[in-house]
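Participant:
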Amino acid sequence: MRYVKKESDSVHYTKLNDERSNTACGFRSVVVAVIVVIIVTCCCTILWRFLRVHRLRINSHVLKLNFTASANCTTLDQSENLVSPQIEKFETHYTSQLFTATSAVEISEQSSTHTTVFVQSVMTTTVTSNDVDICATATWATDGISVAGGQGAGKNLNQLYYPRGTFVDDTGALYITDDNLRVMKWKHGTESGVMVAGFGGRGNGSDQFEYYLHNLAVDTEGTMYICDKGNERVVRWKKDAKSGQSIIIGINCYGVTLDHEGLLYVSDVDNDLVMKYNDDFSRKEIVAGGNGKGTALNQLNRPHFTFVDLNFNLFVPDTDNHRIMKWSKGSTQGIVVSGNVNLSQLAGPHAIVADKLGTIYVVDHELHRVMRWLKGSQSGDLLFGGHEYGYRANQLALPVDIDFDRNGNLYVTDRNNHRIQMYAVNKTSCLSSSTFNV
Numbered sequence: 001m002r003y004v005k006k007e008s009d010s011v012h013y014t015k016l017n018d019e020r021s022n023t024a025c026g027f028r029s030v031v032v033a034v035i036v037v038i039i040v041t042c043c044c045t046i047l048w049r050f051l052r053v054h055r056l057r058i059n060s061h062v063l064k065l066n067f068t069a070s071a072n073c074t075t076l077d078q079s080e081n082l083v084s085p086q087i088e089k090f091e092t093h094y095t096s097q098l099f100t101a102t103s104a105v106e107i108s109e110q111s112s113t114h115t116t117v118f119v120q121s122v123m124t125t126t127v128t129s130n131d132v133d134i135c136a137t138a139t140w141a142t143d144g145i146s147v148a149g150g151q152g153a154g155k156n157l158n159q160l161y162y163p164r165g166t167f168v169d170d171t172g173a174l175y176i177t178d179d180n181l182r183v184m185k186w187k188h189g190t191e192s193g194v195m196v197a198g199f200g201g202r203g204n205g206s207d208q209f210e211y212y213l214h215n216l217a218v219d220t221e222g223t224m225y226i227c228d229k230g231n232e233r234v235v236r237w238k239k240d241a242k243s244g245q246s247i248i249i250g251i252n253c254y255g256v257t258l259d260h261e262g263l264l265y266v267s268d269v270d271n272d273l274v275m276k277y278n279d280d281f282s283r284k285e286i287v288a289g290g291n292g293k294g295t296a297l298n299q300l301n302r303p304h305f306t307f308v309d310l311n312f313n314l315f316v317p318d319t320d321n322h323r324i325m326k327w328s329k330g331s332t333q334g335i336v337v338s339g340n341v342n343l344s345q346l347a348g349p350h351a352i353v354a355d356k357l358g359t360i361y362v363v364d365h366e367l368h369r370v371m372r373w374l375k376g377s378q379s380g381d382l383l384f385g386g387h388e389y390g391y392r393a394n395q396l397a398l399p400v401d402i403d404f405d406r407n408g409n410l411y412v413t414d415r416n417n418h419r420i421q422m423y424a425v426n427k428t429s430c431l432s433s434s435t436f437n438v
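Each residue of the sequence shown is one higher than the one before, counting from 1 in the UniProt record's numbering.
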């Protein structure tokens, strides 16, 4: 409103209504209201998109979903899983007896009666298939079954020639090094293998190996870590690759193994120590030995094929000291867990695996047998072999390596018989045993 002067003898002020002023004020109010609405709408939209992109948190509800898994995707059958409202993204947490990982899961558009779920892991985890649950009363067949080789010494795809290292992956496939300077992959139940490394024969090239090719480890991606002792190197060979990459050079490696975090351990047989490497192999630390050759608890004498359990305990076949050493994480010396009390207990042990109870399984190379030591036991039990050097199903001839499959069956590299022997586990007694590790 405005005040104007009225013409008269005296001065009076009269309040007038200005229509134009009211119109302007009304227009400004509308503009302000529109702006406020736009701002609020934008904020709500941004907040909604933010919540949708990140995660949907469901309190006090458990969703049980039935999935079908393959190598790189998982399929959710919507006929068995009805969820309302529709979930576009959510966070899952996987837990198993072997590992724990968190994954971000995105559900794609529905196709037919199925919805495909692509999983992108936040954390990469290497799972060792040979850290398994086995009760203390479990037994194994005393006669082995030849699951690879066993067709005489040779270089054909159904033959092996002085095999050395054996690794069993989670599908039951065997990866085997032999003195044909190659790595063979033997799928479960097949009569012959396929060559997966060493295509160039003997030499120091990226597709070659030199005598001697010892053991290997394989991660969950199918990448192999191979001890190429003759070339004094460790080779990383990716799945389906035609050549490998030298990741560690200048080392007299004899054995390699991976822990469940994917870190590599290498036994240096000439320097009597075991090294642990970081994830890009730029740093290393001595985790066993390194104090010269000897029999003291902080020494080793030609360590061979090692094993790391889920608690990062390192088990070392101290071959020329005829004993098995256990080195806890961060320790400066080990403890003797088998052998050494009486040298007749072990003679040149080459390889070891352990189960989740802490029971160890040892390849007793020179006595052609496999022994088992229960945790804390002062003496071992004969599992199989031990019937002198021989080729029968109940005999071994200078065995050198051992591994579990996921069910607890044991696989032994029967070197001089040019075969891999499988010994079937019997867990019947575990059903009533209180010593089974759940």
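Don't be surprised by glycine CBs; every beta carbon is placed ideally from N, CA and C.
(1) Taking one C-beta from the region 140-158 and one from the region 422-431 each time, how about it: are there three or more such pairs within less than 8 Å?
(2) Would you say the beta carbon of residue 330 is closer than 6 Å to some non-hydrogen atom of the ligand FAD?
(3) To the nearest angstrom, how far is it from the Cα of residue 352 to the Cα of residue 230?
(4) Let me make sure I understand the geometry here. Which of 416, 422, 431, 430 has the alpha-carbon closest to that of residue 152?
(5) Let's test the definition: count the other Cβ atoms within 10 Å of the Cβ of residue 306 and tell me whether it reaches 16, buried, or not, exposed.
(6) Distance, Cα to Cα, residue 363 vs residue 315?
(7) Take the Cβ of residue 185 as the centre, count every other Cβ of all protein chains shown within 10 Å, and call the residue buried at 16 or more, exposed below.
(8) Between which two residues does the beta strand (DSSP E) containing residue 182 stretch?
(9) With a threshold of 8 Å, are at least 3 pairs of Cβ atoms found where one atom belongs to the region 215-228 and the other to the region 165-177?
(10) According to DSSP, simplified to helix, strand and coil, what is residue 253?
(11) Starting from the N-terminal side, write out each stretch of the beta strand (DSSP E) that is 3 residues or longer and does not extend beyond the region 304-366.
(12) Beta carbon of residue 273, beta carbon of residue 217: below 7 Å?
(13) Rounded to the nearest angstrom, what separates residue 194 and residue 157 at their Cα positions?
(14) Where does the unbroken beta strand (DSSP E) through residue 287 begin, and where does it stop?
(15) Nearest by alpha-carbon distance to residue 164: which of 411, 407, 400 is it?
(16) Can you tell me whether residue 395 is buried or exposed? The criterion is at least 16 other CB atoms within 10 Å of its CB, across all chains shown.
(17) Please name the residue, chosen from 295, 327, 33, that lies closest to residue 320 on a Cα-to-Cα basis.
(18) Can residue 361 and residue 168 be called in contact, C-beta distance under 7 Å?
(19) Put residue 400 into one of helix, strand or coil per three-state DSSP.
Facilitator: According to the structure data:
(1) They touch, by the three-pair rule.
(2) In the structure on display, the ligand FAD does not appear, and there are no ligands present to speak of.
(3) Locating residue 352 in the sequence shown gives position 352, where the first residue counts as 1. Locating residue 230 in the sequence shown gives position 230, where the first residue counts as 1. Cα to Cα, residue 352 sits roughly 23 Å from residue 230.
(4) The sequence position of residue 152 within the sequence shown is 152, counting from 1. Nearest C-alpha to residue 152: 416.
(5) Against the sequence shown, residue 306 aligns to sequence position 306. Flag for residue 306 reads buried.
(6) The residue labelled residue 363 in the question sits at position 363 within the sequence shown. The residue labelled residue 315 in the question sits at position 315 within the sequence shown. Approximately 13 Å between the Cα atoms of the pair.
(7) Within the sequence shown, numbered from 1, the residue matching residue 185 stands at position 185. It counts as buried.
(8) Taking the first residue of the sequence shown as 1, we reach residue 182 at position 182. Following the DSSP letters along the chain, one finds residue 182 inside the beta strand (DSSP E) bounded by residues 182-186.
(9) yes
(10) Within the sequence shown, residue 253 is the residue found at index 253, counting from 1. Per DSSP, reduced to three states, the secondary structure at residue 253 is strand.
(11) Fully enclosed beta strand (DSSP E) runs of 3 or longer: 314-318, 323-327, 335-339, 349-354, 360-364.
(12) By 1-based counting over the sequence shown, the position of residue 273 is 273. By 1-based counting over the sequence shown, the position of residue 217 is 217. At the C-beta level, residue 273 and residue 217 stay beyond 7 Å of one another.
(13) The residue you call residue 194 lines up with position 194 of the sequence shown. The residue you call residue 157 lines up with position 157 of the sequence shown. For residue 194 and residue 157, the distance between alpha carbons rounds to 6 Å.
(14) Residue mapping note: residue 287 aligns to position 287 of the sequence shown, counting from 1. Counting along the chain, the beta strand (DSSP E) containing residue 287 begins and ends at 284-289.
(15) Working through the sequence shown from its first residue, we reach residue 164 at position 164. Answer by Cα proximity: 400.
(16) Within the sequence shown, the letter at position 395 stands for residue 395. Buried is the call here.
(17) On the sequence shown, residue 320 is found 320 positions in, with the first residue counted as 1. Of 295, 327, 33, the residue nearest in Cα terms is 295.
(18) Stepping through the sequence shown from its first residue, residue 361 is reached at position 361. Stepping through the sequence shown from its first residue, residue 168 is reached at position 168. Contact flag unset, no.
(19) For this step, residue 400 is matched to residue 400 along the sequence shown. The answer is coil: DSSP assigns residue 400 none of H, G, I, E or B.
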